[in-house]
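J.: Protein chains in written order, with the working numbering: chain U, 391 to 751; chain Z, 391 to 751.
2 protein chains.
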Amino acid sequence: MTTAPRYLILADGAFGPFTSKTANGCLRFTPEQVVGVLDAAQAGRTVQDVLGYGGAIPVVASVAAGLPLQPNILLIGIAPSGGQLPAEWRPILRAALEAGLHIWSGLHVFIGDDPEFAALAATHGVEILDVRKPPATLPVSSGSVRQLGTETTVVLTVGSDCNIGKMTTQLAVRSALRDMGYAVAFVGTGQTGIFIDGKGTSVDAVVADFVGGAAEQMVLEAASGADIVLVEGQGSLLHPGYSGVTLGLLHGSLPHALVLCTQPSRTTIRNNEWVPIPSLSELIALHDAVTKPLRHAPTIAVAMNTFDLSDDAARDAIERGMAETRLPVTDPVRFDPMTIAQAIAAFHVSRADGDRARGGR
Amino acid sequence: MTTAPRYLILADGAFGPFTSKTANGCLRFTPEQVVGVLDAAQAGRTVQDVLGYGGAIPVVASVAAGLPLQPNILLIGIAPSGGQLPAEWRPILRAALEAGLHIWSGLHVFIGDDPEFAALAATHGVEILDVRKPPATLPVSSGSVRQLGTETTVVLTVGSDCNIGKMTTQLAVRSALRDMGYAVAFVGTGQTGIFIDGKGTSVDAVVADFVGGAAEQMVLEAASGADIVLVEGQGSLLHPGYSGVTLGLLHGSLPHALVLCTQPSRTTIRNNEWVPIPSLSELIALHDAVTKPLRHAPTIAVAMNTFDLSDDAARDAIERGMAETRLPVTDPVRFDPMTIAQAIAAFHVSRADGDRARGGR
Chain U
391 MTTAPRYLIL ADGAFGPFTS KTANGCLRFT PEQVVGVLDA AQAGRTVQDV
441 LGYGGAIPVV ASVAAGLPLQ PNILLIGIAP SGGQLPAEWR PILRAALEAG
491 LHIWSGLHVF IGDDPEFAAL AATHGVEILD VRKPPATLPV SSGSVRQLGT
541 ETTVVLTVGS DCNIGKMTTQ LAVRSALRDM GYAVAFVGTG QTGIFIDGKG
591 TSVDAVVADF VGGAAEQMVL EAASGADIVL VEGQGSLLHP GYSGVTLGLL
641 HGSLPHALVL CTQPSRTTIR NNEWVPIPSL SELIALHDAV TKPLRHAPTI
691 AVAMNTFDLS DDAARDAIER GMAETRLPVT DPVRFDPMTI AQAIAAFHVS
741 RADGDRARGG R
Chain Z
391 MTTAPRYLIL ADGAFGPFTS KTANGCLRFT PEQVVGVLDA AQAGRTVQDV
441 LGYGGAIPVV ASVAAGLPLQ PNILLIGIAP SGGQLPAEWR PILRAALEAG
491 LHIWSGLHVF IGDDPEFAAL AATHGVEILD VRKPPATLPV SSGSVRQLGT
541 ETTVVLTVGS DCNIGKMTTQ LAVRSALRDM GYAVAFVGTG QTGIFIDGKG
591 TSVDAVVADF VGGAAEQMVL EAASGADIVL VEGQGSLLHP GYSGVTLGLL
641 HGSLPHALVL CTQPSRTTIR NNEWVPIPSL SELIALHDAV TKPLRHAPTI
691 AVAMNTFDLS DDAARDAIER GMAETRLPVT DPVRFDPMTI AQAIAAFHVS
741 RADGDRARGG R
């Protein structure tokens, strides 16, 4: 790939606010890299029609219908539980490879290991990039992030559930902190964050013993020259399937502070309705409990995903959140990420001040 | 392998109470399968001399010196952090394969994928078994263990650290519960437990998203026909490197009760001295905090590893533990696993009684 990416995003039968997480992340943060979305059921609409953002980027019915938009990459735009390729998408991948498109995928199953797709890619001179393929060797984490001094502050987003805004919050806050003049690094830890930032390791795709090690390595690399390192969180400590990834990432990245991401209208874990989501105070106490034994990471702000509430209901939820937690609370997408960015900046400055007061550097 | 296993256990330069975990588990629980231990530095001694148990099983200096003992398998007897093969062991593996021994390994690195070893195995008609190679497909856990009724009780060992007795406690308790007449299943979740029990999945070796799913699947399989399922715990919620595996296993196996394993003399996490080990009450509170959001698993007993204390100091530690926690506390190896077995049995009976009292089955 020497030219700029021009994604045709595959989300056939699945394009929507909650069903095409990877597509939506790319459309929100790097729309300039997207020429179209493939979903036969919604062909003819625009991304704006479907998501409420993304502008005039068209939705098309097939690879053939997308080719006039001059894509160079077919990007797999979903992140299904288990990470398998839907069987009905095989003909679409074949068509893309035969049309000379590269394929980029963040699925657990590796497209490039499929004999048919690998052969087609070779025949047509294109590449299959499986971003979830982990590095060959990774360390076991051992708290190395402690070596960072007060000149660098590491902030991790944690959440009440999956798919609630942990990546989106960090990307929105990154822009705001940059506007304030900070040198900010983003650590992508999932496929979408990696597609957007162009680097990173999918921590949920590494062998379980190395989740923390992968996070530790990325944070230390990102910290070089950065005032603030924003780490994309994964899953939730409450999630029956993914909590292990969440805790591994938390103890490996060893953040100085947390931003808690929630959705006021969600009362149970998605696809696991038997798990109720506790109150904000209880969630904060849970994160305090698991960070304290290693290094306490206070929760310094709450990011609420209020996309499904009216303006009034959103403001109500935020006010109730502030009353309950006494923390800065906002919806960084609907309103302004500056509230959270300022909380992070204030925390960063107070760490350095505390250090100076103790006679350190 | 059609004949019974006769292990020559490789622990060269590493055989000792704390440095050869896999060897020691096999020697404690299935000594009848072990013909010798290979450690040149201690050749001439017996296993009893080195470990304080294991009887007259000899320590030998080389594969050649072990052959008169008629081994059929060279078993890798260590579980180093990171799971790599020590480079100086390559000639030993070569010698074993050339002598017609199979190789069984629980390392993260797969011996069978090494071109040289694979070729030697083919030439000499022997097999290389990498038990840490995970199943091809695994589910994401979703709380399926909740479907088990009160006729089956799932108990997980958790710990203040790695290498502290989580497997040993379950295997000791298994015998005691069987003596009491219970149908007991053991779920091996690490290489040693798998070598001893002959089945299981190393949950720390699966892709991180599937730790819980691997545990869930094993528990449901083991529950068939069992009154009590004893799940081998892994790591610790406090461990900077492995806490993610611990939480994934906890939320996937969704135990009804926990047995907390500790070592009174250990005050910090091994190899991570910057992490102090909290009090028993704090450890129990931490486990309460992370199990309550899904299904509360009370800690019902404490297993203390007192191997490095005098009899008096061990009894003191146990009495202090009982005073602090008001729970049954013992060293199941040094004294008697019956204390813990009885706590589990009482918990199991009370679940069924509670259910009958509510009119359920």
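All C-beta atoms in this analysis are idealised placements derived from N, C-alpha and C, irrespective of residue type, glycine included. Since the structure is predicted, the reported quantities are computational estimates derived from the model, not experimental observations.
Taking CB distances under 7 Å as the criterion, tell me whether residue 553 (chain Z) reaches chain U.
T.: Counting from one through the second sequence, the residue named residue 553 (chain Z) turns up at place 163. No, no contact with chain U.
J.: Should the segment 697-715 of chain Z be called in touch with the segment 669-688 of chain Z, which here means at least 3 C-beta pairs below 8 Å?
T.: Counting Cβ pairs under 8 Å, three or more are found: they touch.
J.: Going by C-alpha distance, which of U:468, U:508 and U:549 is nearest residue 629 (chain U)?
T.: For the purposes of this step, residue 629 (chain U) is taken as the residue at position 239 of the first sequence. If we check each option's Cα against that of residue 629 (chain U), U:549 comes out closest.
J.: Who are the near neighbours of residue 745 (chain Z) in its chain, counting only those whose CB is closer than 6 Å to its CB and skipping five residues on each side?
T.: Here residue 745 (chain Z) refers to the residue found at position 355 when the second sequence is read from its first residue. Hits under 6 Å: 540.
J.: Using 7 Å as the threshold, is the C-beta distance between residue 594 (chain U) and residue 624 (chain U) below it?
T.: Counting from one through the first sequence, the residue named residue 594 (chain U) turns up at place 204. Counting from one through the first sequence, the residue named residue 624 (chain U) turns up at place 234. Yes, they are a contact pair.
J.: To which residues does DSSP link residue 481 (chain Z) through a beta bridge?
T.: Taking the first residue of the second sequence as position 1, residue 481 (chain Z) is located at position 91. Paired residue(s): none; residue 481 (chain Z) is not in a bridge.
J.: Going by C-alpha to C-alpha distance, which of Z:456, Z:433 and Z:406 sits closest to residue 441 (chain Z)?
T.: Translated into the one-based positions of the second sequence, residue 441 (chain Z) becomes position 51. For the residues Z:456, Z:433 and Z:406, the minimum Cα distance to residue 441 (chain Z) belongs to Z:406.
J.: Secondary structure at residue 600 (chain Z), three-state DSSP: helix, strand or coil?
T.: The count along the second sequence starts at 1 and reaches residue 600 (chain Z) at position 210. If DSSP states are grouped into helix, strand and coil, residue 600 (chain Z) belongs with the helices.
J.: Skipping 5 residues on each side, what residues in its chain have a beta carbon closer than 8 Å to that of residue 568 (chain Z)?
T.: Indexing the second sequence from 1 puts residue 568 (chain Z) at position 178. If we look at residue 568 (chain Z) and ignore the five residues flanking it on each side, its Cβ neighbours are 574.
J.: Contact between the segment 637-655 of chain Z and the segment 688-695 of chain Z: three or more CB pairs below 8 Å?
T.: At 8 Å Cβ cutoff, the stretches touch.
J.: Assuming residue 620 (chain Z) and residue 576 (chain Z) make a contact with CB atoms under 8 Å, what is their CB distance in whole Å?
T.: Here residue 620 (chain Z) is taken as the residue at index 230 of the second sequence, counted from 1. Here residue 576 (chain Z) is taken as the residue at index 186 of the second sequence, counted from 1. The Cβ separation is near 5 Å, so the contact holds.
J.: What does residue 668 (chain U) reach in chain Z if we use C-beta pairs closer than 7 Å?
T.: Translated into positions along the first sequence, residue 668 (chain U) becomes position 278. Correct list: 683.
J.: Under 7 Å, Cβ to Cβ, is there at least one residue of chain U near residue 391 (chain Z)?
T.: The count along the second sequence starts at 1 and reaches residue 391 (chain Z) at position 1. Only weak support is given to the placement of residue 391 (chain Z): the predicted model assigns it a pLDDT of 47, under 50, and the value that follows is read from those uncertain coordinates. It does not; no Cβ of chain U falls within 7 Å.
J.: Could you check where the beta strand (DSSP E) with residue 520 (chain Z) kicks off and where it finishes?
T.: On the second sequence, residue 520 (chain Z) is found 130 positions in, with the first residue counted as 1. Segment 518-520, the beta strand (DSSP E) holding residue 520 (chain Z).
J.: Does residue 677 (chain U) come out as helix, strand or coil in the three-state DSSP assignment?
T.: Counting from one through the first sequence, the residue named residue 677 (chain U) turns up at place 287. Helix, per DSSP.
J.: Name, going along the chain, the residues of the segment 636-651 of chain U whose beta-carbon falls closer than 9 Å to a beta-carbon of chain Z.
T.: Listed by position along the chain: 636, 637, 638, 639, 640, 641, 642 and 644.
J.: Would a C-beta distance cut-off of 7 Å place residue 542 (chain U) and residue 647 (chain U) closer than the cut-off?
T.: By one-based count along the first sequence, residue 542 (chain U) stands at place 152. By one-based count along the first sequence, residue 647 (chain U) stands at place 257. Cβ distance not < 7 Å, so residue 542 (chain U) and residue 647 (chain U) don't count as in contact.
J.: Using a threshold of 7 Å, state whether the C-beta atoms of residue 581 (chain U) and residue 467 (chain U) are closer than that.
T.: Translated into the one-based positions of the first sequence, residue 581 (chain U) becomes position 191. Translated into the one-based positions of the first sequence, residue 467 (chain U) becomes position 77. No. Outside cutoff.
J.: Within the same chain, show all residues whose beta-carbon is closer than 8 Å to that of residue 726 (chain Z), passing over the 5 residues directly before and after it, in chain order.
T.: Here residue 726 (chain Z) corresponds to residue number 336 of the second sequence, with the count starting at 1. Same-chain partners within the cutoff: 566 and 720.
J.: Using DSSP with H/G/I as helix, E/B as strand and the rest coil, what is residue 468 (chain U)?
T.: As a first step, residue 468 (chain U) must be located in the first sequence, where it is residue number 78. The answer is coil: DSSP assigns residue 468 (chain U) none of H, G, I, E or B.
J.: At a CB-CB cut-off below 8 Å, which residues of chain U make contact with residue 532 (chain Z)?
T.: The sequence position of residue 532 (chain Z) within the second sequence is 142, counting from 1. Simply 630, 631, 661 and 662.
J.: Leaving out five residues on either side along the sequence, give the residues of the same chain with a beta carbon under 7 Å from the beta carbon of residue 560 (chain Z).
T.: Position 170 of the second sequence, counted from the first residue, corresponds to residue 560 (chain Z). Hits under 7 Å: 547, 576, 620 and 622.
J.: Leaving aside the five residues before and after residue 674 (chain Z) along the sequence, list all residues of the same chain whose C-beta is less than 6 Å from its C-beta, in chain order.
T.: Mapped onto the second sequence, residue 674 (chain Z) falls at position 284. For residue 674 (chain Z), where only same-chain residues beyond five positions count, the Cβ hits under 6 Å are 689.
J.: If we cut at 7 Å on Cβ distances, does residue 595 (chain Z) have a partner in chain U?
T.: Position 205 of the second sequence, counting from 1, holds the residue named residue 595 (chain Z). Closer than 7 Å to some Cβ of chain U, the Cβ of residue 595 (chain Z) qualifies, so yes.
J.: Assign residue 664 (chain Z) to buried or exposed, taking buried as 16 or more other Cβ atoms, counted over all protein chains shown, within 10 Å of its Cβ.
T.: In the second sequence, residue 664 (chain Z) corresponds to position 274, counting from 1. With fewer than 16 other Cβ atoms within 10 Å, it is exposed.
J.: Does DSSP put residue 579 (chain U) in a helix, a strand or coil?
T.: As a working note, residue 579 (chain U) is residue 189 in the first sequence. If DSSP states are grouped into helix, strand and coil, residue 579 (chain U) belongs with coil.
J.: Applying the criterion that 16 or more other CB atoms from any shown protein chain within 10 Å of the CB defines a buried residue, is residue 408 (chain Z) buried or exposed?
T.: Locating residue 408 (chain Z) in the second sequence gives position 18, where the first residue counts as 1. Exposed.
J.: For residue 676 (chain Z), would you say it is in contact with chain U, using Cβ-to-Cβ distances shorter than 7 Å as the test?
T.: Locating residue 676 (chain Z) in the second sequence gives position 286, where the first residue counts as 1. By this cut-off, residue 676 (chain Z) is an interface position.
J.: Could you tell me how far apart the beta carbons of residue 529 (chain Z) and residue 463 (chain Z) are, in whole angstroms, since I believe they sit closer than 8 Å?
T.: One-based indexing of the second sequence puts residue 529 (chain Z) at position 139. One-based indexing of the second sequence puts residue 463 (chain Z) at position 73. Actually they do not touch by this definition, with Cβ atoms about 32 Å apart.
J.: Mark residue 474 (chain U) as exposed unless 16 or more other C-beta atoms lie within 10 angstroms of its C-beta, in which case mark it buried.
T.: Within the first sequence, numbered from 1, the residue matching residue 474 (chain U) stands at position 84. The residue in question, residue 474 (chain U), is exposed, as its Cβ has fewer than 16 Cβ neighbours within 10 Å.
J.: Buried or exposed for residue 522 (chain Z), going by 16 or more other Cβ atoms inside 10 Å?
T.: Taking the second sequence and counting its residues from 1, one reaches residue 522 (chain Z) at position 132. Per the 10 Å Cβ criterion, buried.
J.: Is the distance from the Cβ of residue 676 (chain Z) to the Cβ of residue 687 (chain U) below 7 Å?
T.: For the purposes of this step, residue 676 (chain Z) is taken as the residue at position 286 of the second sequence. For the purposes of this step, residue 687 (chain U) is taken as the residue at position 297 of the first sequence. No; because the gap between Cβ atoms is not below 7 Å, this pair is not in contact.
J.: In angstroms, rounded to a whole number, what distance separates the CA positions of residue 498 (chain U) and residue 434 (chain Z)?
T.: As a working mapping, residue 498 (chain U) is identified with position 108 in the first sequence. As a working mapping, residue 434 (chain Z) is identified with position 44 in the second sequence. Residue 498 (chain U) and residue 434 (chain Z): Cα-Cα distance of roughly 50 Å.
J.: Residues in the segment 689-707 of chain Z with C-beta within 8 Å of chain U's C-beta atoms, listed in sequence order?
T.: Those residues of the segment 689-707 of chain Z that come within reach of chain U (Cβ to Cβ, closer than 8 Å) do not exist; the list is empty.
J.: Where does residue 416 (chain Z) sit, in a helix, a strand or coil, going by DSSP?
T.: Sequence index remark: in the second sequence, residue 416 (chain Z) carries index 26 (1-based). If DSSP states are grouped into helix, strand and coil, residue 416 (chain Z) belongs with the helices.
J.: Can you tell me where the alpha helix (DSSP H) holding residue 505 (chain Z) begins and where it ends?
T.: Against the second sequence, residue 505 (chain Z) aligns to sequence position 115. Run containing residue 505 (chain Z): 505-514, per the alpha helix (DSSP H) assignment.
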